[in-house]
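Trainee: Below you will find the structure I want to go over with you.
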Amino acid sequence: MKYSQQMRSSLANPKVVLAWLAGSLLLIWFVGMFCRGYWTPDEPREADIAWRMSWQDGKAVPQLAGEAFCEKPPMTYWLAAIPIRLLGTQAWAARLPNFLYALITALAVGLTAARSLGRFGGLVAAAVIGTFLLSYQVAIWLATDAPLLAAVAVALLGAYKGFYAASSPERLRAYLLMHAALGFGFLSKSAVAWMVPALTILALSLWEKRWRELLRWELYAGILLQAAMILAWVWFVYAGQDGPAHLRVFFWNNLVGRFAAVDAPPELQYAAAHRNYPGKYLVELPIYLFPWTLLVIAAARRAWISRRSQSDNRALRFAIASSVPAIIILSFAATARNVYFAPVLPGIALLVAWWAREIRPAPDRWDRRALRATAVLLLLGVAAFIAALSVVGIQSWSTLGDRAGFILISCSGLLAAAVLALRSWPVSRNETAHSLWFLYLAYCALLTAPASQVYRQVDMWQDLAKISRAVQHDAVGRPLILLAPDETTRAIVDMYARTSVDKIDGPIDAAALLRVKTAAAAAPNTLFLVQVRSAADLESSLPWMNAAALRPLQSYSLPHGRRYALLQVSR
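For the sequence shown, the working numbering assigns the number 850 to the initial residue and increments by one for each residue that follows.
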């Protein structure tokens, strides 16, 4: 009890809260970014592109296994290539820029909230944007979404400061910041970076009936800066080999094609993958916002109650304008993935921060229930981690080196999370802030010690470099052809085995088998690498093997992971 009182007293000091917030965010990012390898899906592909960017001659067009990869502009790969070139291909090196992206996102959202809601609101917003399950995933994942989220967060800070600026110079500086961030965001993941800030300014102008804001010259002056950033890259792409074709893929197939079906070859029909349906994002929203889902619902409820309030709800309007219109647009897009929702998260974090400030002096019973129910969710999270660690421990016990450390680290984190969640339970009228911080620290405890042990074991299931190096050893001195390879297979062979291999695209049909036979006839010592469902039963996994006159030379598998077979010509 004495310890709890001391902690509650310390949490009343803003400097102490800031220290706890910064330390805990840095810790969960460190564990998520630097304590695990490359995981599927996507990370091996992104790593190979960044590794290629570290030494390839032309820098305008990213390359996957030596072929142009025009799905994303190159900014993410430019920045990831720097530590890779200096420190090697380890996952922690490639993710070093992610640490900067996560920090910028938290600072930008926190500063936006602090400007509109005060210091307490800024701290809450930074904590929430750093720990939404989706924003945490985006932050620690090697992909283009982390720099995109950082760019959108900074752009929203500029948009808020510019829209509510008191003078023209202040407005110009703010909008220049917005455009610089949008230029960076465009070079990270194309024009999707514009969606949230543009809709926010448009929605605010309509909502507050301030049409003049859309006509201010300061709003558009920064377009020159943004155009200079983007058009410089476009020129280098255009001037390079197959430049016009690459630009068409960048801007037509991959941008327009994400929202609607376009006339394109099957491999460039991006609308065919990750199909959307009305309401998909709303159905999945509770997962994206975990563990703060119920707090978001409580904030939406209070926002509805406050809709006719005479008080200045500028912060609330900005939060809604930076989230709701984008959700509507995304709901009607042809494609849908959880990471597409990431740019909406800053607005939702601002909404939670507004709610936290509003309930701080006088929460009602529904607000207190939301806090208590969130504590229950975190206790369920503790139970889920116990189950995951038990499964991991049982399956890996024979190969687990430091068993005592595994148990000690896991149990200490789980115990800390459970205790902190329980400490948040007694929500009184003057202790809502304490409850929020206890809940936040409980979640961070889960994302550090127990998560680190789960990551450590999952790495064994995702060690694709081990397979690639084994393939290179077994195929040394012989031609290698990849059969129906996906992007991950092409990436891991390119980065860890050899940078020059042929491939036969799938599906493995009569035409593909003819190409196999032709290649085998031209070079009888050729080896073929193919992904299989079961390395133990190649006959059933590869029913076409005999028809192609191939037989297995070697098989490779990871526990609970990918399986491959290396085939050679039958003699």
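Cβ atoms here follow ideal geometry from the backbone N, Cα and C, with glycine treated the same way.
Pick helix, strand or coil for L1388, following the three-state DSSP scheme.
Mentor: If you number the sequence shown from 1, residue 1388 lands on position 539. Correcting the residue identity first, residue 1388 is Glu in this sequence and not Leu. In the structure shown, E1388 sits in a helix (DSSP, three-state: H, G or I).
Trainee: Just to confirm, are G1092 and I989 a CB contact at a threshold of 7 angstroms?
Mentor: In the sequence shown, counting from the first residue as 1, residue 1092 sits at position 243. In the sequence shown, counting from the first residue as 1, residue 989 sits at position 140. No, they are not a contact pair.
Trainee: Put K1352 into one of helix, strand or coil per three-state DSSP.
Mentor: Position 503 of the sequence shown holds residue 1352. DSSP places K1352 in strand when its eight states are reduced to three.
Trainee: Using the Cα positions of S1180 and K1129, report the straight-line distance between them to the nearest angstrom.
Mentor: For this step, residue 1180 is matched to residue 331 along the sequence shown. For this step, residue 1129 is matched to residue 280 along the sequence shown. Answer to the nearest angstrom: the Cα atoms are 7 angstroms apart.
Trainee: Checking the sheet assignment: what are the DSSP bridge partners for L1416?
Mentor: Taking the first residue of the sequence shown as 1, we reach residue 1416 at position 567. Answer is F1377, P1401.
Trainee: Among W1066, A1030, G915, which one has its Cα closest to the Cα of E1336?
Mentor: Indexing the sequence shown from 1 puts residue 1336 at position 487. The residue with the shortest Cα to Cα distance from E1336 is G915.
Trainee: Keeping to the same chain, check which residues put their C-beta closer than 6 angstroms to that of G1196; ignore five residues upstream and five downstream.
Mentor: The residue you call residue 1196 lines up with position 347 of the sequence shown. So the list reads A1168, S1171, S1172, once near-sequence residues are dropped.
Trainee: Quick check on DSSP: helix, strand or coil for R1124?
Mentor: By 1-based counting over the sequence shown, the position of residue 1124 is 275. In this structure, R1124 counts as strand in the three-state DSSP scheme.
Trainee: Whose C-beta lies closer than 8 angstroms to the C-beta of S1349 among residues of the same chain, with five residues either side of it excluded?
Mentor: The residue given as residue 1349 occupies position 500 in the sequence shown. So the list reads G915, once near-sequence residues are dropped.
Trainee: Going by beta carbon distance, what residues of the same chain come within less than 7 angstroms of M850, once the five residues before and after it are set aside?
Mentor: Here residue 850 is taken as the residue at index 1 of the sequence shown, counted from 1. Any reading at M850 needs caution, since the residue's pLDDT is 48, under 50, leaving its predicted position unreliable; the model's value is listed next. For M850, where only same-chain residues beyond five positions count, there are no Cβ hits under 7 angstroms.
Trainee: Where R1022 and V1041 are concerned, what is the direct C-alpha to C-alpha distance, given to the nearest angstrom?
Mentor: Numbered from 1 along the sequence shown, position 173 holds the residue referred to as residue 1022. Numbered from 1 along the sequence shown, position 192 holds the residue referred to as residue 1041. So the two alpha carbons sit approximately 23 angstroms from each other.
Trainee: Can you tell which of S1273, P1140, F1377 has the C-alpha that lies nearest to the C-alpha of Y985?
Mentor: One-based indexing of the sequence shown puts residue 985 at position 136. Answer by Cα proximity: P1140.
Trainee: Relative to the alpha-carbon of G1071, which residue among I931, R1097, L1026 has its alpha-carbon at the smallest distance?
Mentor: As a working note, residue 1071 is residue 222 in the sequence shown. Comparing Cα-Cα distances from G1071 to each of I931, R1097, L1026, the minimum goes to L1026.
Trainee: Can you grab the Cα-Cα spacing for the pair R1318 / A1372, in whole Å?
Mentor: By one-based count along the sequence shown, residue 1318 stands at place 469. By one-based count along the sequence shown, residue 1372 stands at place 523. C-alpha separation (whole angstroms): 23 angstroms.
Trainee: Tell me where the alpha helix (DSSP H) around I933 begins and ends.
Mentor: Numbered from its first residue, the sequence shown carries residue 933 at position 84. Taken as a continuous stretch (DSSP letters only), the alpha helix (DSSP H) holding I933 covers 924 to 936.
Trainee: For R1400, is the classification buried or exposed, using 16 other Cβ atoms within 10 angstroms of its Cβ as the cut-off for buried?
Mentor: Taking the sequence shown and counting its residues from 1, the one referred to as residue 1400 is at position 551. The residue is exposed, with fewer than 16 neighbouring Cβ atoms inside 10 Å.
Trainee: Kindly indicate if chain C contains any beta-carbon less than 7 angstroms away from that of A951.
Mentor: You won't find chain C in this structure, because it holds only one protein chain.
Trainee: Please state whether the Cβ-Cβ distance between A1314 and Y1345 is less than 7 angstroms.
Mentor: As a working mapping, residue 1314 is identified with position 465 in the sequence shown. As a working mapping, residue 1345 is identified with position 496 in the sequence shown. Taking 7 angstroms as the Cβ cut-off, A1314 and Y1345 qualify as a contacting pair.
Trainee: Reducing DSSP to helix, strand and coil, say where T1184 ends up.
Mentor: In the sequence shown, residue 1184 corresponds to position 335, counting from 1. Strand at T1184.
Trainee: Apart from the five residues just before and just after L1407, which ones in its own chain have a Cβ nearer than 8 angstroms to its Cβ?
Mentor: Counted from its first residue, the sequence shown places residue 1407 at position 558. Once the five neighbours on either side are set aside, the close Cβ partners of L1407 are M1309, W1310, Q1311, D1312, L1313, K1315, I1316.
Trainee: Tell me which residues share the same chain as F883 and place their Cβ nearer than 6 angstroms to its Cβ, disregarding the 5 neighbours each side in the sequence.
Mentor: Counting from 1 along the sequence shown, the entry for residue 883 is found at position 34. Excluding sequence neighbours, F883 sits near W941.
Trainee: When we look at the beta-carbon of E920 and count the other beta-carbons within 10 Å, is it buried (16 or more) or exposed?
Mentor: In the sequence shown, residue 920 corresponds to position 71, counting from 1. Label assigned to E920: buried.
Trainee: For K864, count neighbouring C-beta atoms within 10 Å of its own C-beta (all shown protein chains included) and say buried if the count is 16 or more, exposed if not.
Mentor: By one-based count along the sequence shown, residue 864 stands at place 15. Exposed, because fewer than 16 other Cβ atoms sit within 10 Å of the Cβ of K864.
Trainee: Along the chain, where does the beta strand (DSSP E) that runs through I1357 open and close?
Mentor: The residue you call residue 1357 lines up with position 508 of the sequence shown. Counting along the chain, I1357 falls outside any beta strand (DSSP E), and DSSP gives it neither H nor E.
Trainee: Taking its Cβ as the centre, do 16 or more other Cβ atoms sit within 10 Å of S873, making it buried, or is it exposed?
Mentor: Position 24 of the sequence shown, counting from 1, holds the residue named residue 873. S873 comes out buried.
Trainee: DSSP state of A963, grouped into three classes?
Mentor: On the sequence shown, position 114 is the one that residue 963 refers to. Residue state, collapsed to three classes: helix.
Trainee: Quick check on the DSSP output: the alpha helix (DSSP H) that includes L1080 runs from which residue to which?
Mentor: The sequence position of residue 1080 within the sequence shown is 231, counting from 1. Looking at the DSSP string, the run of the alpha helix (DSSP H) that includes L1080 is 1072 to 1088.
Trainee: Under a Cβ-count criterion, where at least 16 other Cβ atoms within 10 Å of its own Cβ denotes burial, should S1158 be classed as buried or exposed?
Mentor: Here residue 1158 refers to the residue found at position 309 of the sequence shown. It counts as exposed.
Trainee: Using the beta-carbon count (16 or more within 10 Å), is H1283 buried or exposed?
Mentor: Taking the sequence shown and counting its residues from 1, one reaches residue 1283 at position 434. H1283 should be labelled buried.
Trainee: Below 7 angstroms CB to CB, which residues in the same chain sit around A1266 once its five sequence neighbours on both sides are set aside?
Mentor: Taking the first residue of the sequence shown as position 1, residue 1266 is located at position 417. The residues are L1227, V1231, A1291, A1294, L1295.
Trainee: Terminal residues of the continuous beta strand (DSSP E) containing L1332?
Mentor: On the sequence shown, position 483 is the one that residue 1332 refers to. Element bounds for L1332: 1329 to 1332.
Trainee: Per DSSP, which one or two residues make a beta bridge with A992?
Mentor: Counted from its first residue, the sequence shown places residue 992 at position 143. Per DSSP, none; premise fails for A992.
Trainee: For S1259, which option in F1190, P1275, V1241 has the closest C-alpha, if you only look at C-alpha atoms?
Mentor: Within the sequence shown, the letter at position 410 stands for residue 1259. For S1259, the nearest C-alpha among the options comes from V1241.
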